[in-house]
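A.B. asks: Per the working numbering, residue 149 is the first one in the sequence shown, and the count goes up by one each step. Don't be surprised by glycine CBs; every beta carbon is placed ideally from N, CA and C. Pasting a structure here, questions to come.
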Amino acid sequence: MSAQLPEVEVKVPCVEGQEHPVRLRIHDWENWEIVQNPCSELLGHAFGLMSPCSAYVRERGPKLRKAVVEALAQVGSAAVPALREALGDSGWRVREAACWASGEIGDISAVPALREASRDWGVRWAAQEALEQIAARPDRFQRLTDAARRQGVLRPA
Numbered sequence: 149m150s151a152q153l154p155e156v157e158v159k160v161p162c163v164e165g166q167e168h169p170v171r172l173r174i175h176d177w178e179n180w181e182i183v184q185n186p187c188s189e190l191l192g193h194a195f196g197l198m199s200p201c202s203a204y205v206r207e208r209g210p211k212l213r214k215a216v217v218e219a220l221a222q223v224g225s226a227a228v229p230a231l232r233e234a235l236g237d238s239g240w241r242v243r244e245a246a247c248w249a250s251g252e253i254g255d256i257s258a259v260p261a262l263r264e265a266s267r268d269w270g271v272r273w274a275a276q277e278a279l280e281q282i283a284a285r286p287d288r289f290q291r292l293t294d295a296a297r298r299q300g301v302l303r304p305a
């Protein structure tokens, strides 16, 4: 049984300066699938693929990538693998948003990627804040301490 892939809804520009929501299934940071697009429903699949909103999603510009990361924060732990990949994105605003989203979710499996991101001057402060958010959770503190000891970062008292 495979894990369910996270889906997010983001607003995208379309015709005449209007925006509408598009639902995306995130296979991984490089592979997204349009699950629901009102233009495809209205115009049919072939014409929907030619719509400005579909082109916007295919281009995967930094504004859209940032919006996807922000939406992934609402998904929870299922989004952590994609967020870890987003921490390596070429856009610093996307990486910053991935740090914030990871901290919001609070999944301990994001810690190694956030530690690596804390070396990135562009997002260092956001990564450190996210690590603090995760560490501040009472249910996480003991697990973080144990993991730090196993990695040799913390020595027994």
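Could you tell me if His168 is buried or exposed, where buried requires 16 or more neighbouring beta carbons within 10 angstroms of its beta carbon?
C.D. replies: Exposed: under 16 other Cβ atoms inside 10 Å.
A.B. asks: Would you mind sorting Arg232 into buried or exposed? The rule is 16 or more other CB atoms within 10 Å of its CB.
C.D. replies: It is buried - the Cβ of Arg232 has at least 16 other Cβ atoms within 10 Å.
A.B. asks: At what residues does the alpha helix (DSSP H) containing Pro186 begin and finish?
C.D. replies: Looking at the DSSP string, the run of the alpha helix (DSSP H) that includes Pro186 is Pro186 to Leu191.
A.B. asks: Run through the segment 174-247 for me and flag every whole beta strand (DSSP E) of 3 or more residues, listed as ranges in chain order.
C.D. replies: Whole beta strand (DSSP E) segments, 3+ residues: 179-184.
A.B. asks: Restricting to Cα atoms, I'd like to know which of Pro229, Pro200, Val158 and Pro154 is closest to Gly165.
C.D. replies: When each option's Cα is compared against that of Gly165, the closest is Pro200.
A.B. asks: What does the alpha-carbon distance come out to for the pair Glu181 and Ser202?
C.D. replies: The straight-line gap from Cα to Cα measures roughly 11 Å.
A.B. asks: Is the segment 246-258 close to the segment 214-227, with three or more CB pairs under 8 Å?
C.D. replies: With a cut-off of 8 Å, the segment 214-227 and the segment 246-258 count as touching, because enough Cβ pairs lie within range.
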